[in-house]
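Structure record follows, encoded as structure tokens.
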Amino acid sequence: MKSVLMTTGMQDLRLIKASQTDYQWIGELSRVNMMDYYRHYGLIWNEARYSTLLNSLDVSVICSHQQTAGFVSQQINTQASFCLINDLQLYSQWQQKGIGTWVLEHVEEQAQQQGLKSLRICAFRDNPAKGLYLRHGFRQVNESADILRLEKTLR
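Those letters in the sequence shown? Residues 1 to 155, by the UniProt record's numbering.
So, in structure tokens, the structure goes:
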């Protein structure tokens, strides 16, 4: 994903392709944001596995007003024609400011330009971000004891 800029009123947002040097803080942000869910569901964070996963994804740093706000990672499956958003993580001070909505809209636009048929994302059942995904047009397609699988059909 190339550097993308959006400027409106209060927002100055960019997505910049992450480098290997970003992966340490990216892993730490994801671990910190997800740890309560991992504890609640009796899961164990595997840093080595997460690092390996990151290397297989398209990862972009989310910047707001020239500060790092978080990151988004995704994976395109051209054969099945979908984009899986693996992670959308923001530092707490950047949450509830419309940044997640902007990122979802940007990822959707990119997926449509590539001719993909859907976006997919997973969320822990009690993660408040699922409300964002539902408001953005995702619908629940599957669930397990701890995870909801959501999908949005693209035009």
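Backbone N, C-alpha and C fix where the C-beta goes; we use that ideal spot for every residue, glycine too.
| query | result |
| --- | --- |
| Unbroken stretches of the alpha helix (DSSP H), 4 residues or longer, contained in the UniProt domain "N-acetyltransferase" (13 to 155) | 23 to 40, 47 to 55, 99 to 113, 129 to 135 |
| Anticipated Cβ contact below 8 Å, Gln79 with Asn33, distance rounded | Not confirmed; about 31 Å, so no contact. |
| Beta-carbon spacing of Glu135, Leu84 below 7 Å | The displayed chain sequence assigns Arg, not Glu, to residue 135. Going by C-beta atoms, Arg135 is not nearer than 7 Å to Leu84. |
| Residue closest to Gln114, alpha-carbon to alpha-carbon, out of Trp25, Arg39, Gln75, Pro128 | Gln75 |
| Contact under 7 Å by Cβ, Ser118 with Leu148 | no |
| From Ser81, His65, Asp22, residue whose alpha carbon lies closest to that of Gln110 | Ser81 |
| Residue burial classification, Ser30 (beta-carbon count within 10 angstroms, cutoff 16) | buried |
| Nearest-angstrom beta carbon gap, Val59 and Ile26 [assumed within contact, 8 Å] | 7 Å |
| Selection from His40, Tyr38, Ser73, Arg49 that minimises the alpha carbon distance to Ser19 | Ser73 |
| Pairwise C-alpha distance: Asp87 and Asn77 | 16 Å |
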